[in-house]
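Input: a single structure, listed below in structure tokens.
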Amino acid sequence: MSWVSVWGLRWLIVRIMLGAGLIKLRGDRCWRELTCMDYHYEVILIISGNLSFLNWLTIVPSIAFFDDKCLAFLFSRKMRSKVSQLQISGGTEGTHSEEPTFPNATWLEYEFKCKPGNLKRRPCLISPYHYRLDWLMYEQNPWLVHLAGRFLKNDGEINGLIEYNPFLDENRKPPLHIKADLYLYNYAPIGSAEAARGQWYKRKYVRNYLPPVNLKLLKSVFREMGWQRTR
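Under the working numbering, think of the first position of the sequence shown as 349, with each following residue one higher.
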């Protein structure tokens, strides 16, 4: 590799690291006040920095900062002799209740692949695939109503993007209504009653995020907004 390429990669990683810091300073005020770490690990989605392929986009350019002698032990003579032989080939809920506002309405929770939901499921490992659906659930986007419409139809494509659909277990009938609630999640402290019950998290209800809706209501919304409606 030429020195131009090496220094190009080094400059790239400098820009990545500098940009990662600047984007925080331009964001929440707590970074400028040096108070973010008081609660940062409680509210961030992935405290390990486990950001799937984004990690590799940072790790690979960083290799250019190592001297060749530091990495020579990784490539034995026997391994180098075989290089020429290598080839490369190409929190949402639904209910069957007709009246969702009744106190006795039973709501069943959908489980996403990585977003915190089931209190007893350990935090997931996000690599190498990045679960964009889980990530974007933390922003208020118009597509959320489209997602609700797909859930109300037991859409096969959506079922492939989530971990568990409770309405595929028994009679496979889709829910009549669907809603989304907002919860505050915290890690269960070691030695706590929650941890003794096998919980990784504890949660507290904050507010309703998406009120109960049915397919008829969503179709009218799609029509008014000029969106492609769920069939």
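Backbone N, C-alpha and C define an ideal beta-carbon position, used for all residues, glycine too. A quick note: this is a predicted structure, and the numbers were derived from the prediction, not measured.
For D482, the uninterrupted alpha helix (DSSP H) run begins and ends at R480 to L484, by DSSP.
Cβ atoms of I538 and Y458 stay farther apart than 8 Å, at about 29 Å. The residues W379, in chain order, have a CB closer than 6 Å to that of K372 in the same chain once the five nearest residues on each side in sequence are set aside. In the DSSP annotation of this structure, L516 is not part of any alpha helix (DSSP H), being labelled neither H nor E. K468 is not a Cβ neighbour of D482, given a cutoff of 8 Å.
Scanning its chain for C-beta atoms nearer than 7 Å, with the 5 sequence neighbours on each side dropped, one finds around Y479 the residues K461 and C462, in chain order.
Ranking W455, R571, D517 and I474 by CA distance to the CA of H525 puts W455 first. Judged by DSSP in its simplified three-state form, P409 adopts helix.
For L402, the CB contacts under 8 Å within the same chain, skipping 5 residues up- and downstream, are H478 in chain order. DSSP places I364 in no beta strand (DSSP E) but in the uninterrupted alpha helix (DSSP H) bounded by W351 to L373. If only uninterrupted alpha helix (DSSP H) runs of at least 4 residues are considered, those enclosed by the segment 508-569 are 541-544.
Taking a C-beta distance under 8 Å as the contact criterion, Y535 and W548 qualify as a contact pair. The beta-bridge partner set that DSSP reports for E572 is empty. For R498, the enclosing alpha helix (DSSP H) has its first and last residue at W491 to L500.
Each of L405, I364 and L500 was checked against the Cα of P560, and the nearest Cα belongs to L500. In the DSSP assignment, C472 falls outside any alpha helix (DSSP H), carrying neither H nor E. Within the same chain, Cβ atoms closer than 7 Å to the Cβ of L492 are found at L558, the five residues on either side in sequence being excluded. In this structure, V362 is the residue among K527, V362, L563 and I506 with its C-alpha nearest to the C-alpha of F413.
CA-CA distance, Y533 to V352, rounds to 48 Å. Sixteen is the threshold: when 16 or more other Cβ atoms of the shown chains lie within 10 Å of the Cβ of A528, as they do, the residue is buried. Where W379 is concerned, the enclosing alpha helix (DSSP H) starts and stops at R377 to E381.
Around the beta carbon of R498, a 10 Å sphere encloses 16 or more other beta carbons of the protein chains shown; the residue is thus reported as buried. Just so you know, the alpha carbons of R551 and M365 end up roughly 34 Å apart. In the DSSP secondary-structure assignment, F460 is bridged to I510.
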